[in-house]
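> Let me give you the structure first, and then I'll get to my questions.
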C-alpha cells in the first residue's frame, strides 16, 4: 500500500508538471508606431542624415532591424486596414482612404487581436484605429481602445498585446512651424534633400523640422520602454517599432513610391523568448517583410494558428529561419483614392528593383488634394512648377507618367532614373510586369471597377464580390494592359472594347485612349459619341476626359452636363476628379456662378473639398 501511494503521488506530480508546461505563459507583444514616417528619416537606416533616435537604436541592439520593411499602402487608413485584417486592401475593398461607405471583413475572418483576446490576451489600443471596415467588425476586438488604454489594467500574469500610437510625426505637424515643446536638433544646412525636391529655404526648414520631430517621438517611445522595464516585463515582451507608412515631405505619403512605402521595422527580442527569433540579437535582416505579415507574425508568436484567409506569413516565431526569411525578396503596394483625389498605381519591389504600374498615367502625382496642399512645402512646389522654375527631375511630379516605371534602388534610391525603356533592362521589366499581372489578377484587384460601381454592386462584401467577378476583373486587367503595347498593336483591342455592351469594357478602353493621348486620335469620333450618349455616366466622364486631355473639344459643357445628371455624392466626387484634372492640366475654367448654382455643389461627403478648390480657382479668375 505504501508503494501504491508513492506511485500515485508520482503520477500526480507528472500530471501537474505536464499541466504547467501546457499552460505556460505566452509572450507579451507591444507595438510602438509612429505616423507618416519612412525609413529615410532614421539614423539606423540613414547614418549620415537620419534623425538620432537613441531609444529605438537601443531596442535594435537587443533585437532585430529589418532592412527591407514595407507598408502595403502609403496612407494610414488603408495601411492600418491591411494590418488589422491581414488581407490585401484591394481584395477586401478597404483600399480607398477615408471610406465613403465602409465594408465588411472577409466571411469567417476576424480582426486578428480578437483571436488573441479569445486566447486569454489583454488587448489594448492607444488609440488610433482608422479602419475602413464597418464598426460591427471592431466589436470585441479590444479590451480597451482609447487615449487612456494601458496594459497595466490586465489581470495578474495575463499576457497582453498593446498598441501605442505616436502622432508627433504626422503630416499635420508640418503645416506650421516646429512647436515650442519640441527640441530643435537639426540645422537646415545639414539636411540632404531628395533629388526630386527643389532646394529652397522652406524645404530645408521642413526637412530639419522633421528630423527634430523624429527625435522627439523617440523620447516618448523611451518612456513606454521604461514603463515596461519598471514593471519587470522586458524579458517577456516583444517590442515592435515601425512607421505606419512612408512620408512625410511631398512625394512620400500618398504615393506608391519607395519613399512612401519603405518603413523602419525594429523588433526587440525578450530574453525568455529569444528562441522565437530567426537571428541573434543585434542582427540586421535582409529578408523582406510587409504589413500584410504583421497579423500572422503576432498570432504565430502567441502560439495561435494563422487563419487561411490571411495573406501574410510570419517573420518571427517557431520554425521561422533566417535562411528562409532572407529568400523573401518581394514587396507589394497600392495607391488608389486619397481623400477626394483618385489614382490607380501598383508598386512592386523585387530584389534591388522597384516597378510602378500606373493604370491611369495621366493622373499626375501633383493633382490637387485638399489635405496634401495644407503643407507649405507642397504649395511652394506647385507654385514653382506653375512658374516653370523647376529642374526636369523636380517638375516630373507635375507631369503625366508613363504606364510602367522601373528603378534600380541600389543606385537610385529615390526613383529618378526610369529604366523601363532601356533595352538593357528589358528582361527585368518583363519579369516585374508578369509578377504584377499575377498579383493583381490573383487577388483579384477590385480597383478595376471604379469605386462608385464597386460600392453599388458589392453590398459591402469585397472578397465575395471579387470571387464572383474574378473572370471579368481579369479581362479588365488584360484590357488595361493594352497600354503597354505600341498603339498599332493595341488599337484593335481598344476598338473592340469601345463597342462592347459591357460598360466596364468601354470605360477601360477610354482610359487607354487617354493614356495614349493624341496617338489615339482614330477614336475621337467614337469618344465624342460616348461622351454625349453613353448610358453610364462614368463612361461619359472618361470619354470627356480623353477629349479634354487631347484638346479635341471644349470639355466643359460635356462635363457639366454629366454632373447635372448626378444624384450620388460618391459618383459626383469621382467625376470631379476629372474636372480638377482638366483644370490643373489643361486650364479648363468653371465660373463661380455655375459652381454656386449647381445642385451637385451642395452634396456632402468628399464633394465639399473639391468645391472649395473649384471656388478658389474661380475667384482668382474674377
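In our numbering, the protein residues as written are 106 to 727.
Note that beta-carbon positions come from the ideal geometry of N, C-alpha and C, so glycine has one too.
Output the boundary residues of the beta strand (DSSP E) element that contains residue 451.
Segment 450–455, the beta strand (DSSP E) holding residue 451.
> Skipping 5 residues on each side, what residues in its chain have a beta carbon closer than 7 Å to that of residue 127?
For residue 127, the predicted model reports a pLDDT of 37, less than 50, meaning its position is unreliable; a value from the coordinates is still stated below. Counting only Cβ-Cβ distances below 7 Å, and skipping sequence neighbours, we find nothing.
> With 16 other CB atoms within 10 Å as the buried threshold, where does residue 480 fall?
Under this definition residue 480 is a buried residue.
> Pick helix, strand or coil for residue 649, following the three-state DSSP scheme.
Looking at residue 649 - three-state DSSP - the assignment turns out to be helix.
> Taking buried to mean at least 16 other C-beta atoms within 10 Å of its own C-beta, is residue 526 buried or exposed?
When all chains shown are included, residue 526 counts as exposed.
> Could you tell me if residue 134 is buried or exposed, where buried requires 16 or more neighbouring beta carbons within 10 angstroms of its beta carbon?
Looking at its Cβ environment, which holds 16 or more other Cβ atoms inside 10 Å, residue 134 is buried.
> Taking its Cβ as the centre, do 16 or more other Cβ atoms sit within 10 Å of residue 733, making it buried, or is it exposed?
Because the chain in this structure spans residues 106 to 727, residue 733 falls outside the shown range and cannot be described.
> Whole angstroms is fine: what's the gap from residue 380's alpha carbon to residue 582's?
Those two C-alpha atoms are separated by around 44 Å.
> On the CB-based measure, 16 or more other CB atoms within 10 Å of its CB, does residue 280 come out buried or exposed?
By the neighbour-count rule (16 or more Cβ atoms within 10 Å), residue 280 is not buried but exposed.
> Residue 562: buried (16+ other C-beta within 10 angstroms of its C-beta) or exposed?
Result: exposed.
> Would you call the CB atoms of residue 298 and residue 176 closer than 7 Å?
No, Cβ-Cβ distance for residue 298 and residue 176 is not below 7 Å.
> Tell me whether residue 705 sits in a helix, a strand or coil according to DSSP, three-state version.
It is helical.
> Tell me whether the beta-carbon of residue 387 lies closer than 7 Å to the beta-carbon of residue 433.
Cβ atoms of residue 387 and residue 433: not closer than 7 Å.
> Could you check how far apart the C-beta atoms of residue 571 and residue 548 are, in whole angstroms? I think they sit under 8 Å.
So it is a contact: roughly 7 Å between Cβ atoms.
> Just the Cα atoms here: how many angstroms apart are residue 461 and residue 356?
Straight-line Cα distance between these residues: approximately 14 Å.
> Quick one: using the 10 Å Cβ neighbour count with 16 as the cut-off for buried, is residue 508 buried or exposed?
By the neighbour-count rule (16 or more Cβ atoms within 10 Å), residue 508 is buried.
> Whose CA, out of 404, 145, 199, 164, lies closest to the CA of residue 568?
Among 404, 145, 199, 164, the Cα nearest to that of residue 568 belongs to 199.
> Closer than 6 Å by C-beta to residue 708: which residues in its own chain qualify, once you throw out the five before and the five after it? Chain order, please.
Excluding sequence neighbours, residue 708 sits near 674, 677.
> Identify, in the order they occur along the chain, each residue of the same chain with its Cβ nearer than 7 Å to the Cβ of residue 211, setting aside the five sequence neighbours on each side.
Excluding sequence neighbours, residue 211 sits near 192, 197, 414, 568.
> Between which two residues does the alpha helix (DSSP H) carrying residue 688 extend?
It spans 674–691 - the alpha helix (DSSP H) in which residue 688 sits, taken as one unbroken run.
> What is the DSSP secondary structure of residue 321, counted as helix, strand or coil?
Of the three classes helix, strand and coil, the one that applies to residue 321 here is helix, per DSSP.
> Below 7 Å between beta carbons: does that hold for residue 274 and residue 318?
A contact, by the Cβ cut-off of 7 Å.
> Output needed for residue 157: all residues of its chain with C-beta closer than 7 Å, excluding positions within five of it in sequence on either side, in chain order.
Hits under 7 Å: 148, 320.
> Could you name the residues that DSSP lists as bridge partners for residue 370?
Its beta-bridge partners are 347.
> Any idea what DSSP makes of residue 727, helix, strand or coil?
Coil at residue 727, not helix or strand.
> Can you say whether residue 670 is buried or exposed, counting buried as having 16 or more other CB atoms within 10 angstroms of its CB?
It counts as exposed.
> Which residue or residues does DSSP assign as beta-bridge partners of residue 438?
In the DSSP output, where bridge partners are listed per residue, residue 438 has 452.
> Taking C-alpha atoms, which residue in 520, 490, 513 lies nearest to residue 533?
Closest by alpha carbon: 513.
> At 4 residues or longer, and completely inside the stretch 163–215: list those alpha helix (DSSP H) runs for me, N to C.
The qualifying runs are 181–190, 194–197.
> Determine the burial state of residue 737: buried for a count of at least 16 other Cβ atoms within 10 Å of its Cβ, exposed for fewer.
Lying outside 106 to 727, the shown extent of the chain, residue 737 is not represented and no answer is given.
> Could you compute how far the alpha carbon of residue 426 sits from the alpha carbon of residue 420?
Between residue 426 and residue 420, the C-alpha separation is close to 8 Å.
> Which residue from 258, 194, 183 puts its Cα closest to that of residue 234?
Here the closest residue by C-alpha is 183.
> Starting from residue 268, follow its DSSP beta bridges and name the residues at the other end.
Note: residue 268 sits in a beta bridge opposite 136, 230.
> Our contact map puts residue 718 next to residue 467 with C-beta atoms below 8 Å; I'd like the distance itself, whole angstroms only.
No, residue 718 and residue 467 are not in contact; Cβ-Cβ is about 19 Å, not under 8 Å.
> How about residue 503 and residue 482: are their beta carbons less than 7 Å apart?
For residue 503 and residue 482, no; Cβs fall outside 7 Å.
> Looking at C-alpha atoms only, which residue of 536, 573, 531, 539 is the closest neighbour of residue 551?
It is 573 whose Cα lies nearest to the Cα of residue 551.
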